[in-house]
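J.: Every number in the working numbering is 16 more than the matching position in the sequence shown, counting from 1. Got a structure for you, questions after.
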Amino acid sequence: MRARTRNAASGRPTGPSLLAGAAAAALAVAVLAGCGSAAPASPPPQSSAKGTTVAACQHTGAYKLVPSVNGSYPLLPVSPRGADATPRVRLVSARPAADPATVDLSLIADDPALGGPKEFPGLTVGETAEYAGYTVRVTAICEGEVWFDLTARP
């Protein structure tokens with residue numbers, strides 16, 4: 017067992033325990049000094065080939081598409097004609113770095129009466145795609161994901 021020594025004037029302990037406490041306090045002050053309340057920096061806008069500024073992706077929209085998934089998240093609401101008449105929105109490809117950013121979408125339903133898939137190439141933010149009474153509007157084209165809103169349904 018380690019012997020503790022006391023300061024003759026104050027009666028307080030000295031030695032390893034006092035030094036460890038002082039070191040911990042100094043470390044806490046140093047860590048807290050680096051934790052300011054400043055807001056994190058937002059990524060700078062990217063410059064496009066045409067010299068215009070492309071804003072960072074805002075991830076806005078009620079529905080999300082990602083590559084390799086057959087449908088959006090969440091799925092579109094079920095059609096009054098049933099689940100087979102409810103389209104799935106699929107991401108064919110996206111070009112977020114293009115000026116302007118574009119996306120190729122495909123809409124398809126299982127009901128053969130609807131005629132199979134319908135392709136919508138080269139859509140930009142704000143453009144719409146219509147299929148089986150549903151209208152979707154592209155709201156964001158990001159790296160690895162596309163967002164859209166449902167603006168009309170049967």
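We put the beta carbon where it would ideally sit given N, CA and C, even for glycine.
Going by Cα to Cα distance, which pick from D165, A168, I157, Q74 is closest to D120?
T.: Comparing Cα positions, the closest option is I157.
J.: Which same chain residues, not among the five before or five after T76, have their C-beta less than 8 Å away from its C-beta?
T.: Only T155, A156, W163 meet the Cβ criterion.
J.: Could you pull out every residue in the same chain whose Cβ sits closer than 6 Å to the Cβ of K134, ignoring the five residues on either side in sequence?
T.: So the list reads L123, Y147, once near-sequence residues are dropped.
J.: Once DSSP output is grouped into helix, strand and coil, what is the label at P137?
T.: In this structure, P137 counts as strand in the three-state DSSP scheme.
J.: Tell me, to the nearest whole angstrom, how far the beta carbon of Y150 is from that of A168; I am working on the premise that it is less than 8 Å.
T.: Sure, about 7 Å apart at Cβ, within 8 Å.
J.: Just to confirm, are E159 and P90 a CB contact at a threshold of 9 Å?
T.: The answer is no: Cβ separation not under 9 Å.
J.: Can you give me the start and stop residues for the beta strand (DSSP E) that A110 sits inside?
T.: Its beta strand (DSSP E) spans residues 104 to 111.
J.: Per DSSP, A168 is paired with what?
T.: According to DSSP, which records beta bridges pairwise, A168 is partnered with T151.
J.: Report the rounded CA-to-CA distance for V85 versus S109, giving the unit in angstroms.
T.: Answer to the nearest angstrom: the Cα atoms are 12 Å apart.
J.: With burial defined as no fewer than 16 other Cβ atoms inside 10 Å of the residue's Cβ, what is the status of G131: buried or exposed?
T.: Exposed, by the Cβ-count rule.
J.: How should P103 be labelled, buried or exposed, when 16 other C-beta atoms within 10 angstroms of its C-beta is the threshold for buried?
T.: Counting Cβ neighbours within 10 Å, P103 comes out buried, since at least 16 surround it.
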